[in-house]
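Protein chains: 2
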Amino acid sequence: MTQTGEAENTPQTGVERQQRRKPGLERLLATADELLYAEGIQQTGVQRILEQSNVARGTLYGNFGGKDDLIAAYLQRRHTHTLAAVTTAIEHAHSDDPADVFDALLDVGESRSQQGSFRGCAFALAVAEMPAADGPAAHWARTHKTAIKALLKQALTGRVAVPERTAESLMVLYDGALLSAALRPGEDSFEAARAAGRLLITTALLPPDPAPGS
Amino acid sequence: MTQTGEAENTPQTGVERQQRRKPGLERLLATADELLYAEGIQQTGVQRILEQSNVARGTLYGNFGGKDDLIAAYLQRRHTHTLAAVTTAIEHAHSDDPADVFDALLDVGESRSQQGSFRGCAFALAVAEMPAADGPAAHWARTHKTAIKALLKQALTGRVAVPERTAESLMVLYDGALLSAALRPGEDSFEAARAAGRLLITTALLPPDPAPGS
DNA sequence: CTTTAAGTAGACCGACTGTTCTAGTGAGGA
DNA sequence: TCCTCACTAGAACAGTCGGTCTACTTAAAG
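The following block contains the structure:
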């Protein structure tokens, strides 16, 4: 079926087919992302996603195996988009001060926390709703957090040496700020995380008088 | 009905009635606490709670208005128990070093994280499953976190002066450690939080030699 | 025009869900 | 003994859920 080899003169068959499929699919994915995050995965019924995205029921089950597949796509999408945003934010902060790297990471979180639908880290929410330790939520949460930690560590390592424990402390501050902002809005958790992170970086990574080994 | 004033010679009527009601109710509350936390609030059906606690359907709806009421009782119970555990742990750590106070708080979290059913902070999980900003989950989460922060601040203030921002940084570390331990098990997030907290306390609250220009 | 394929609209199904209700049980107090 | 009251066991109910299926439309390709 796939190698009948007769439509080689129309090179858009493969790619264009997905392009044509995109509009409806993209609407579906966008509203799924919005609703699954803002109103919860279990709380959001398939019907609500279909209505808000103006997509027919058959389209969903034609493109995805079911709701579980749509959830997995939602998580992957979140991972890709958030990681891209963090990457550009960190790359954009190319000052000499390593603390600016951590600030850039927190800025991404803080700007998101100022949107009305903010409820905290999407992966923490997903794991809370899908307890299975071997399920997609746990998988993507681990993947995402590990990737962000690696990104942060790499960006800092370009400037100073970063012990593993310090990197973990910064991750704890990042996740804690996201969670605290969700649970206790109006408490300036991001600023508190920034202050702690800056102290951690300036004292643990940049001793005031550089020892001979640096 | 309530003031017929004839059974004053049996003073156990009021209290004992609740005592007699306790066994079944306590079984119900204990298994509800266990299941709602470990398997999720929405995921756990009423029937499963009833079966595992060996309690009849009528008992639930006789003592509670419904599942929502049971959930509220679960959250209140978690708040009371956790707050008590944290209180005794902090009181028990009556050394001179203020960092020991924060260590005691983290010890409570870490010991819970070593139980098999650990999934992170129960209130963060509840809020994730019940997005309503004015619902019981958001209420108890705010109440609980605020209480713990106040407890921590008070215990530290007994030893050193504690700026608001530093207290918030410590809360971010605490919540972040609980969340990180849930999302990335085996990463020693508590030790990282302890290190960051100790640094924060010893430098921000106890400057070794108060330099004029620091 | 015919074919192929994707999308739409909506009825429909089985499997749950939380909740109510009825009938019966067993212990303690009057 | 009678009565009360908490509890048990289980049927039954309305509602919602995810998922399947059918009939129709649209549009590009031959």
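For the record, the sequence lines run as chains A and B.
Those letters in the first sequence? Residues 1165 to 1378, by the numbering used here.
Those letters in the second sequence? Residues 1165 to 1378, by the numbering used here.
Glycine included, every Cβ here is placed at the ideal spot set by N, Cα and C.
DSSP state of residue i mapped onto helix, strand, coil
i               : result
F1282 (chain B) : coil
H1243 (chain B) : helix
H1256 (chain A) : helix
Q1318 (chain A) : helix
R1185 (chain B) : For R1185 (chain B), the pLDDT reaches just 45, beneath the cut-off of 50, and the residue's location in the model is therefore unreliable, leaving the point undetermined.
L1343 (chain A) : helix
M1294 (chain B) : coil
N1218 (chain A) : coil
I1205 (chain B) : coil
V1326 (chain B) : coil
F1354 (chain A) : helix
G1299 (chain B) : coil
F1287 (chain A) : helix
D1261 (chain B) : coil
F1266 (chain A) : helix
L1369 (chain A) : coil
G1230 (chain A) : coil
L1363 (chain A) : helix
R1379 (chain B) : In the structure as shown, chain B begins at 1165 and stops at 1378. Residue 1379 (chain B) is therefore absent and cannot be evaluated.
P1175 (chain A) : In this predicted model, P1175 (chain A) has a pLDDT of only 33, less than 50, meaning its place in the structure is not dependable enough to derive any value.
Rounded Cβ spacing between residue i and residue j (contact assumed at less than 8 Å)
i               : j               : result
F1287 (chain A) : H1258 (chain A) : Not quite, the Cβ-Cβ distance comes to about 28 Å (not below 8 Å), so this is no contact.
R1306 (chain B) : R1348 (chain A) : 6 Å
L1234 (chain B) : A1290 (chain B) : Not a contact, Cβ separation roughly 13 Å.
G1339 (chain A) : S1344 (chain B) : According to the sequence displayed, residue 1339 (chain A) carries Asp and not Gly. The Cβ separation is near 5 Å, so the contact holds.
G1280 (chain A) : L1342 (chain A) : The Cβ separation is near 16 Å, so there is no contact.
R1214 (chain A) : T1208 (chain A) : A small fix is needed here, since residue 1214 (chain A) is Leu in this sequence, not Arg. With a Cβ gap of about 11 Å, L1214 (chain A) and T1208 (chain A) do not count as contacting.
E1203 (chain A) : Q1206 (chain B) : Actually they are not in contact, since the Cβ atoms of E1203 (chain A) and Q1206 (chain B) sit about 12 Å apart, beyond 8 Å.
L1193 (chain B) : V1210 (chain B) : So it is not a contact: roughly 14 Å between Cβ atoms.
A1248 (chain B) : P1300 (chain B) : With a Cβ gap of about 20 Å, A1248 (chain B) and P1300 (chain B) do not count as contacting.
V1265 (chain B) : A1319 (chain B) : 5 Å
F1282 (chain A) : A1346 (chain A) : 7 Å
Sufficient close CB pairs (3 or more, under 8 Å) joining the region 1261-1271 of chain B to the region 1184-1201 of chain B: no
Touch test, the region 1302-1317 of chain A against the region 1315-1335 of chain B, Cβ-Cβ under 8 Å, three pairs minimum: no
Against chain B: residues of the region 1186-1211 of chain A by CB proximity under 8 Å: From the region 1186-1211 of chain A, only A1202, E1203, G1204, Q1206 and Q1207 have a Cβ closer than 8 Å to chain B.
Stretch-stretch touch, CB-based, cutoff 8 Å, three pairs: the region 1225-1240 of chain B with the region 1324-1332 of chain B: no
Segment contact flag, the region 1360-1371 of chain B with the region 1352-1369 of chain A, C-beta cutoff 8 Å, min 3 pairs: yes
Against chain A: residues of the region 1344-1363 of chain B by CB proximity under 8 Å: When C-beta distances to chain A are compared with 8 Å, the residues of the region 1344-1363 of chain B below that value are S1344, A1346, L1347, R1348, E1351, D1352, S1353, E1355, A1356, A1357, A1359, A1360 and L1363, in chain order.
Contacting positions in the region 1315-1337 of chain A - beta carbon closer than 7 Å to chain B: R1329, E1332, S1333, M1335, V1336 and L1337
Interface positions of the region 1266-1294 of chain B facing chain A (Cβ-Cβ less than 9 Å), listed along the chain: R1283, G1284, C1285, F1287, A1288, L1289, A1290, V1291, A1292, E1293 and M1294
Positions along the region 1243-1256 of chain A whose CB lies within less than 8 Å of some CB in chain B: none
Selection of the region 1214-1237 of chain B by Cβ proximity to chain A, strictly under 7 Å: none
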